[in-house]
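**Student:** As given, the protein sequences belong to chains A and B, one line each in that order.
Whatever position you read off the first sequence (first residue = 1), add 428 for the numbering used here.
Whatever position you read off the second sequence (first residue = 1), add 428 for the numbering used here.
We treat Cβ as the ideally placed atom computed from N, Cα and C, and that holds for glycine.
The structure's right below; bear with me while I get my questions together.
Number of protein chains: 2
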Amino acid sequence: MTKSKNILFIMCDQLRWDYLSCYGHPHLHTPNIDRLAEQGVRFERAYVQAPLCGPSRMCFYTGRYMFTHGSYWNPDPLKIGEMTLGDYLRPHGMRTVLVGKTHTAADGEGMARLGIDPNSDVGVLVSQCGFEPFERDDGLHPDPIVNPNLRYNQYLRSLGYENENPWDRNANGALDEAGNFVSGWYMRNAVRAANIAEEHSETPYMTGRAIECINTLGNQPWCIHLSYIKPHWPYIVPAPYHDMYGPADILPPNRSEVERREPHPVYDAFMKLRFSQTFSRDEVRQAVIPAYMGLVKQIDDQIGRLMTFLEKSGRLEDTMIVFTSDHGDYLGDHWLGEKDLFHEESARIPLLIYDPSPEADSTRGTVDKRFVESIDLAPTFLEVAGGQPQAQRLEGRSLLPLLRGEKVSNWRDYVISESDYTGRDAMRSLGLSPADCRAFMIRTADWKYILHETFRPQLYDMKNDPQEFHDLGADPAYQEIRNELHEQIFTWLRRRKMRTTMSAADIDNKLGPEVEDKEGILIGYW
Amino acid sequence: MTKSKNILFIMCDQLRWDYLSCYGHPHLHTPNIDRLAEQGVRFERAYVQAPLCGPSRMCFYTGRYMFTHGSYWNPDPLKIGEMTLGDYLRPHGMRTVLVGKTHTAADGEGMARLGIDPNSDVGVLVSQCGFEPFERDDGLHPDPIVNPNLRYNQYLRSLGYENENPWDRNANGALDEAGNFVSGWYMRNAVRAANIAEEHSETPYMTGRAIECINTLGNQPWCIHLSYIKPHWPYIVPAPYHDMYGPADILPPNRSEVERREPHPVYDAFMKLRFSQTFSRDEVRQAVIPAYMGLVKQIDDQIGRLMTFLEKSGRLEDTMIVFTSDHGDYLGDHWLGEKDLFHEESARIPLLIYDPSPEADSTRGTVDKRFVESIDLAPTFLEVAGGQPQAQRLEGRSLLPLLRGEKVSNWRDYVISESDYTGRDAMRSLGLSPADCRAFMIRTADWKYILHETFRPQLYDMKNDPQEFHDLGADPAYQEIRNELHEQIFTWLRRRKMRTTMSAADIDNKLGPEVEDKEGILIGYW
Numbered sequence: 429m430t431k432s433k434n435i436l437f438i439m440c441d442q443l444r445w446d447y448l449s450c451y452g453h454p455h456l457h458t459p460n461i462d463r464l465a466e467q468g469v470r471f472e473r474a475y476v477q478a479p480l481c482g483p484s485r486m487c488f489y490t491g492r493y494m495f496t497h498g499s500y501w502n503p504d505p506l507k508i509g510e511m512t513l514g515d516y517l518r519p520h521g522m523r524t525v526l527v528g529k530t531h532t533a534a535d536g537e538g539m540a541r542l543g544i545d546p547n548s549d550v551g552v553l554v555s556q557c558g559f560e561p562f563e564r565d566d567g568l569h570p571d572p573i574v575n576p577n578l579r580y581n582q583y584l585r586s587l588g589y590e591n592e593n594p595w596d597r598n599a600n601g602a603l604d605e606a607g608n609f610v611s612g613w614y615m616r617n618a619v620r621a622a623n624i625a626e627e628h629s630e631t632p633y634m635t636g637r638a639i640e641c642i643n644t645l646g647n648q649p650w651c652i653h654l655s656y657i658k659p660h661w662p663y664i665v666p667a668p669y670h671d672m673y674g675p676a677d678i679l680p681p682n683r684s685e686v687e688r689r690e691p692h693p694v695y696d697a698f699m700k701l702r703f704s705q706t707f708s709r710d711e712v713r714q715a716v717i718p719a720y721m722g723l724v725k726q727i728d729d730q731i732g733r734l735m736t737f738l739e740k741s742g743r744l745e746d747t748m749i750v751f752t753s754d755h756g757d758y759l760g761d762h763w764l765g766e767k768d769l770f771h772e773e774s775a776r777i778p779l780l781i782y783d784p785s786p787e788a789d790s791t792r793g794t795v796d797k798r799f800v801e802s803i804d805l806a807p808t809f810l811e812v813a814g815g816q817p818q819a820q821r822l823e824g825r826s827l828l829p830l831l832r833g834e835k836v837s838n839w840r841d842y843v844i845s846e847s848d849y850t851g852r853d854a855m856r857s858l859g860l861s862p863a864d865c866r867a868f869m870i871r872t873a874d875w876k877y878i879l880h881e882t883f884r885p886q887l888y889d890m891k892n893d894p895q896e897f898h899d900l901g902a903d904p905a906y907q908e909i910r911n912e913l914h915e916q917i918f919t920w921l922r923r924r925k926m927r928t929t930m931s932a933a934d935i936d937n938k939l940g941p942e943v944e945d946k947e948g949i950l951i952g953y954w
Numbered sequence: 429m430t431k432s433k434n435i436l437f438i439m440c441d442q443l444r445w446d447y448l449s450c451y452g453h454p455h456l457h458t459p460n461i462d463r464l465a466e467q468g469v470r471f472e473r474a475y476v477q478a479p480l481c482g483p484s485r486m487c488f489y490t491g492r493y494m495f496t497h498g499s500y501w502n503p504d505p506l507k508i509g510e511m512t513l514g515d516y517l518r519p520h521g522m523r524t525v526l527v528g529k530t531h532t533a534a535d536g537e538g539m540a541r542l543g544i545d546p547n548s549d550v551g552v553l554v555s556q557c558g559f560e561p562f563e564r565d566d567g568l569h570p571d572p573i574v575n576p577n578l579r580y581n582q583y584l585r586s587l588g589y590e591n592e593n594p595w596d597r598n599a600n601g602a603l604d605e606a607g608n609f610v611s612g613w614y615m616r617n618a619v620r621a622a623n624i625a626e627e628h629s630e631t632p633y634m635t636g637r638a639i640e641c642i643n644t645l646g647n648q649p650w651c652i653h654l655s656y657i658k659p660h661w662p663y664i665v666p667a668p669y670h671d672m673y674g675p676a677d678i679l680p681p682n683r684s685e686v687e688r689r690e691p692h693p694v695y696d697a698f699m700k701l702r703f704s705q706t707f708s709r710d711e712v713r714q715a716v717i718p719a720y721m722g723l724v725k726q727i728d729d730q731i732g733r734l735m736t737f738l739e740k741s742g743r744l745e746d747t748m749i750v751f752t753s754d755h756g757d758y759l760g761d762h763w764l765g766e767k768d769l770f771h772e773e774s775a776r777i778p779l780l781i782y783d784p785s786p787e788a789d790s791t792r793g794t795v796d797k798r799f800v801e802s803i804d805l806a807p808t809f810l811e812v813a814g815g816q817p818q819a820q821r822l823e824g825r826s827l828l829p830l831l832r833g834e835k836v837s838n839w840r841d842y843v844i845s846e847s848d849y850t851g852r853d854a855m856r857s858l859g860l861s862p863a864d865c866r867a868f869m870i871r872t873a874d875w876k877y878i879l880h881e882t883f884r885p886q887l888y889d890m891k892n893d894p895q896e897f898h899d900l901g902a903d904p905a906y907q908e909i910r911n912e913l914h915e916q917i918f919t920w921l922r923r924r925k926m927r928t929t930m931s932a933a934d935i936d937n938k939l940g941p942e943v944e945d946k947e948g949i950l951i952g953y954w
């Protein structure tokens, strides 16, 4: 018996786990998001399986590790045949709908090979990562690549924002003191208010679209993926959020000079990238982070709006609500910008789940400190939809037993995250081929070990050095623990679920010599 | 420039590498097959990537390791989206046609999900592992599973073999002294002549079908996969082949009492299986192996017939001919029957390639001792067809440079083979779950190391113990080499080609911050 009939799967882009008050931010108050934590479960140790938009999302959507699904970088199409949320949920009568960003590239070559018209019903689903696209908007629309039919731009123009690309000129741009346009891409402009009325900016717009979508779907069970582009670049937010926070409100930088002494070559290459250099300057952090906080605050207010709508429409009683992010943002910590690497600022995410079912009453307002992975959501949703576990494909584990306070044995004692930095200039500066731009991270209660191709590993003592300043990857004193973690990654890797076409039941049905005997295939009789 | 316009890809089922005279068998003369060695290249150290019919064939057809393609056991459908020979060759104008066995199960679930009608053109190709089925015949048709429309049975009935299943009653059965039917499945009957005229038995039939297929295809370039079921079970052959060889002609058993002292648990479990117990008895070997040799001799004669046809029709001048097997057969060696494990008798195969091109003249009649894998054929064929290497998917390497005596650098110095014994009763006797029935073998010039899930590894010193009697897997003196080979498998595993949708050229085109700059995605500018 479940009361979770629908699933509202909310994702922010590049939202750090620690920039929410329920996760302890001292100055950024997010009461609406906190309300989800109060009425549901807050997962304290949730990690993405790839700290980069596209690959991370493919982990969420497929329930499989990055190694397995094969989409290692934002432009990599998810190969045809990989099942996504919609493939799992639709057979159980659950509409699976996208409102916002997925960062999916369509496998056009695969569709052509299998004779699938991209405009057919199946073709659209394959192209949209298995979602029905109520509104697909990946949130990055600078002039050179803007789609002339972008719905958000049409919306803004209909409101009187009279230019070719109001996404750029209004939602992500500002006016300087002389009234000239300045772009939100330039971080120095993060202190300015975006040149748009707050209620027309992206976060309220997409929230409104989610509400329309819920209204449209009516009584049929649904899983709606409301996927915000913010607080991702460009870091710019409209009034009143643009000056709600100042340099005094930001967290102090988590970085140390010791990190710059003989750094690991890959870390070193990332510290040298433009965004890291820029973000390492205090003036940049002081300009950008308050805008970042404003963007988060705006999301919180929109979550409040959404919760009010759900409450009034009765949906709060039959809708599971998930709030999370696709990865974090260094924001200058560890002398880095962006994400890609495995420090807690990058690979750790907020994860809140509200389950309306009475069975979940015992866990409301609790904090779960078990290790949770992004790939756990797909099997969770499948269980909510009433499907059988598809353990031959899904590599995550359903969180439903955790949400409902059931006794769970053998829960994982580590998480894995992977990176492929083919897309970063680090590849060239390090002189690597794409196959060498790979790293695997294992995080246990006590350790974080990072296996690099070509280069030595990194190791951090998470108990005694939670800030991750001291890389023990070359210290002979730690050879044994490094070996152990190295071997643990190997064991993990051997168990990736490549054998997807045979379920445990299929295997049982075909198993054993008595099956062959019955078929008349009499091997070994004299 | 190439003269290889067509490819004749001949596969036997369960043919050991050492039961051909060109590979050194002292009593089994195979002059027609030897002629391929004389006019082409004989690969001395060729290995399958999985010593079991289905998984091995999927490696041949996909050009990918078993781990990667995910079909681990005969009944496992090859998942939709995995590309096979036909997908690679057809775009270059090469018809890719099956005559015989593939052991492929169709991914019906995948087709249904993608809306592909199994009877459509694409659906038939997906169901037949990418081949146009001129004739699909997996070669095992006992009564309980025989297809009533089996073409071979229709053919036999049209010749007057008047019963419901002449495959069973005639081609694979015999008459005893009293004139009663006895089945070829029972190994004691291997000494009898199959109850069929030789020219109507399976090997000549399928050879004739290949000739018809070549005639039908005419001038268009083709790759024909002529795939014989023999010398696979049932071990029975018509006259005059049934008594051509006797116990004096068989190779002595390669086994030692030392192997039965404290054997590795997985090896032990396999020694206890029915077919191993049976094959360990001398009377069984003496009855079966002469029939096995007769089946090979018959294949050799049919290769002679085929070569004469090719010569007369001019096809010998423009057709690459490949002769190989999907794995070996223990035939009682190491106290084992069948295959599955990694001794040379099981994992090593014959591989002969005749390339008619003048560029290959310098290698005719030579023996190539480099390590070659079954997955090398797909990229070889793609190069013959004139295609670009698809290194993002294909895990093998084209053999064309080897065939043409070109300077090749960095050729591999090891081979990998994998086993999943879910399908064997060893799983139950060892009390394992399917995910634990896995083993990975690495063979270098000097060593063979086998990594088992759950159990200790095996190690053989191939230089000093080429017969593989002494398992050094638990000997402390060999810890260092075991660690080294273990790590080599890990490195190999990390490089499996999961990222199939991005070629090196695709990556280059999208690479670097200047691409983002051009698109207007200005990350990190102040």
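Can you find a C-beta in chain B that's less than 8 Å from the C-beta of Arg702 of chain A?
**Tutor:** As a working note, residue 702 of chain A is residue 274 in the first sequence. With 8 Å as the cut-off, Arg702 of chain A counts as an interface residue toward chain B.
**Student:** Just reading off the beta strand (DSSP E) that Arg866 of chain B is part of, what are its end residues?
**Tutor:** On the second sequence, residue 866 of chain B is found 438 positions in, with the first residue counted as 1. Counting along the chain, the beta strand (DSSP E) containing Arg866 of chain B begins and ends at Arg866 to Thr872.
**Student:** Looking at the C-beta of Tyr500 of chain B, does it have a partner C-beta in chain A at a distance below 8 Å?
**Tutor:** Reading the second sequence from its first residue, position 72 is the one you call residue 500 of chain B. It does; some Cβ of chain A falls within 8 Å.
**Student:** Expressed to the nearest angstrom, what Euclidean distance is found between the alpha-carbon atoms of Leu723 of chain B and Gly498 of chain B?
**Tutor:** Translated into positions along the second sequence, residue 723 of chain B becomes position 295. Translated into positions along the second sequence, residue 498 of chain B becomes position 70. One C-alpha to the other measures close to 32 Å.
**Student:** Let me know the secondary structure DSSP gives Glu846 of chain B once reduced to three states.
**Tutor:** As a working mapping, residue 846 of chain B is identified with position 418 in the second sequence. Reduced to three states, the DSSP call for Glu846 of chain B is strand.
**Student:** Straight-line CA distance for Gln582 of chain B to Ser826 of chain A?
**Tutor:** Here the question's residue 582 of chain B lines up with position 154 in the second sequence. Here the question's residue 826 of chain A lines up with position 398 in the first sequence. Rounded to the nearest angstrom, the two C-alpha atoms are 53 Å apart.
**Student:** Under 8 Å, Cβ to Cβ, is there at least one residue of chain A near Leu950 of chain B?
**Tutor:** Stepping through the second sequence from its first residue, residue 950 of chain B is reached at position 522. Taking Cβ atoms only, chain A reaches closer than 8 Å to Leu950 of chain B, which makes this a yes.
**Student:** Using only alpha-carbon positions, find the residue among B:Tyr888, B:Val943 and B:His453 that is nearest to His692 of chain B.
**Tutor:** Here residue 692 of chain B refers to the residue found at position 264 when the second sequence is read from its first residue. When only C-alpha atoms are compared, the closest one is B:Tyr888.
**Student:** Count the other CB atoms, across all protein chains shown, that sit within 10 Å of the CB of Trp839 of chain B; report buried if there are 16 or more and exposed otherwise.
**Tutor:** Sequence index remark: in the second sequence, residue 839 of chain B carries index 411 (1-based). Trp839 of chain B is exposed by the Cβ-count criterion.
**Student:** Please go through the same chain and pick out, in chain order, the residues whose beta-carbon is closer than 8 Å to the beta-carbon of Leu950 of chain B, but skip the five residues on each side of it.
**Tutor:** As a first step, residue 950 of chain B is located in the second sequence; it is residue number 522 there, counting from the start. Glu944, listed in sequence order.
**Student:** In the DSSP output, which residue or residues are listed as bridge partners for Asp796 of chain A?
**Tutor:** Counting from 1 along the first sequence, the entry for residue 796 of chain A is found at position 368. Partner(s): A:Phe471.
**Student:** So, at 8 Å on beta carbons, what are the nonlocal neighbours of Glu811 of chain B in its own chain, with the 5 sequence-adjacent residues on each side left out?
**Tutor:** The residue you call residue 811 of chain B lines up with position 383 of the second sequence. Cβ neighbours of Glu811 of chain B beyond the five flanking positions: Pro817, Ser826 and Leu828.
**Student:** Let me check one thing: in DSSP terms, what residues is Asn434 of chain B bridge-paired to?
**Tutor:** Locating residue 434 of chain B in the second sequence gives position 6, counting from the first residue. In the DSSP output, where bridge partners are listed per residue, Asn434 of chain B has B:Thr747.
**Student:** Looking at chain A, is there any beta carbon in it that lies within less than 8 Å of the beta carbon of Leu517 of chain B?
**Tutor:** Numbered from its first residue, the second sequence carries residue 517 of chain B at position 89. Not one chain A Cβ lies under 8 Å of Leu517 of chain B.
**Student:** Beta-carbon within less than 7 Å of Asp515 of chain A's beta-carbon, same chain only, minus the 5 sequence neighbours each way: which residues are those?
**Tutor:** Position 87 of the first sequence, counting from 1, holds the residue named residue 515 of chain A. Gly558.
**Student:** Out of B:Gly760, B:Pro668 and B:Arg743, point me to the one whose CA is closest to Gln726 of chain B's CA.
**Tutor:** Here residue 726 of chain B refers to the residue found at position 298 when the second sequence is read from its first residue. Answer by Cα proximity: B:Pro668.
**Student:** At the 8 Å Cβ level, is Gly760 of chain B part of the contact set with chain E, yes or no?
**Tutor:** This model lacks chain E altogether; the protein chains it does include are A and B.
**Student:** Is the beta carbon of Gly756 of chain A sitting closer than 8 Å to the one on Ile777 of chain A?
**Tutor:** Here residue 756 of chain A refers to the residue found at position 328 of the first sequence. Here residue 777 of chain A refers to the residue found at position 349 of the first sequence. In contact: Gly756 of chain A and Ile777 of chain A (Cβ atoms closer than 8 Å).
**Student:** Mind checking Gln907 of chain B: buried by the 16 CB within 10 Å criterion, or exposed?
**Tutor:** Counting from one through the second sequence, the residue named residue 907 of chain B turns up at place 479. Exposed, since its Cβ has fewer than 16 Cβ neighbours within 10 Å.
**Student:** Between the alpha carbons of Ala902 of chain A and Pro503 of chain A, how many angstroms are there, rounded?
**Tutor:** Taking the first residue of the first sequence as 1, we reach residue 902 of chain A at position 474. Taking the first residue of the first sequence as 1, we reach residue 503 of chain A at position 75. Their Cα atoms are separated by approximately 34 Å.
**Student:** Between Leu831 of chain B and Asp789 of chain B, what straight-line distance do the alpha-carbon atoms span, to the nearest angstrom?
**Tutor:** Taking the first residue of the second sequence as 1, we reach residue 831 of chain B at position 403. Taking the first residue of the second sequence as 1, we reach residue 789 of chain B at position 361. Going by the C-alpha atoms only, they are around 9 Å apart.
**Student:** For a cutoff of 8 Å on Cβ pairs, would you count Arg485 of chain B as touching chain A?
**Tutor:** What you label residue 485 of chain B is simply residue 57 of the second sequence in a count that begins at 1. No - not a single Cβ of chain A is within 8 Å of the one on Arg485 of chain B.
**Student:** Rounded to whole angstroms, how far is the Cβ of Val686 of chain A from the Cβ of Phe897 of chain A, which I believe are closer than 8 Å?
**Tutor:** Along the first sequence, read from residue 1 onward, the residue named residue 686 of chain A stands at position 258. Along the first sequence, read from residue 1 onward, the residue named residue 897 of chain A stands at position 469. Rounded, the Cβ-Cβ distance is 5 Å, consistent with contact.
**Student:** By the criterion of Cβ-Cβ separation under 8 Å, what are the contact partners of Gly672 of chain A in chain B?
**Tutor:** In the first sequence, counting from the first residue as 1, residue 672 of chain A sits at position 244. According to the sequence displayed, residue 672 of chain A carries Met and not Gly. Those within 8 Å of Met672 of chain A in chain B number zero; the least Cβ separation is about 22 Å.
**Student:** Find out if the Cβ-Cβ distance for the pair Cys865 of chain B, Tyr849 of chain B is shorter than 8 Å.
**Tutor:** One-based indexing of the second sequence puts residue 865 of chain B at position 437. One-based indexing of the second sequence puts residue 849 of chain B at position 421. Cβ atoms of Cys865 of chain B and Tyr849 of chain B: closer than 8 Å.
**Student:** Taking buried to mean at least 16 other C-beta atoms within 10 Å of its own C-beta, is Leu436 of chain A buried or exposed?
**Tutor:** The sequence position of residue 436 of chain A within the first sequence is 8, counting from 1. By the neighbour-count rule (16 or more Cβ atoms within 10 Å), Leu436 of chain A is buried.
**Student:** Leaving out the 5 sequence neighbours to the left and right, which residues in its chain are closer than 8 Å to Trp501 of chain A when beta-carbon positions are compared?
**Tutor:** The sequence position of residue 501 of chain A within the first sequence is 73, counting from 1. Hits under 8 Å: Leu480, Gly482, Pro483, Asp848, Thr850 and Gly851.
**Student:** Quick one: Cα of Asp893 of chain B to Cα of Pro885 of chain B, how far?
**Tutor:** In the second sequence, residue 893 of chain B corresponds to position 465, counting from 1. In the second sequence, residue 885 of chain B corresponds to position 457, counting from 1. Straight-line Cα distance between these residues: approximately 17 Å.
**Student:** Give the range of the alpha helix (DSSP H) segment to which Ile727 of chain B is assigned.
**Tutor:** In the second sequence, counting from the first residue as 1, residue 727 of chain B sits at position 299. Where Ile727 of chain B is concerned, the enclosing alpha helix (DSSP H) stretches over Asp710 to Lys740.
**Student:** Please classify Tyr953 of chain B: is it buried, with 16 or more other beta-carbons within 10 angstroms of its beta-carbon, or exposed?
**Tutor:** Here residue 953 of chain B refers to the residue found at position 525 when the second sequence is read from its first residue. Exposed.
**Student:** Residues of chain A with CB closer than 9 Å to the CB of Tyr906 of chain B, please, in chain order.
**Tutor:** For this step, residue 906 of chain B is matched to residue 478 along the second sequence. Result: empty, since nearest Cβ-Cβ is about 18 Å, beyond 9 Å.
**Student:** So is Gln959 of chain A buried or exposed if we call it buried at 16+ other beta carbons inside 10 Å?
**Tutor:** Given a span of 429 to 954 for chain A in the structure shown, any question on residue 959 of chain A remains unanswerable.
**Student:** With a Cβ-Cβ cutoff of 8 Å, do Leu464 of chain A and Leu744 of chain A count as a contact?
**Tutor:** Position 36 of the first sequence, counted from the start, is the residue given in the question as residue 464 of chain A. Position 316 of the first sequence, counted from the start, is the residue given in the question as residue 744 of chain A. No. Outside cutoff.
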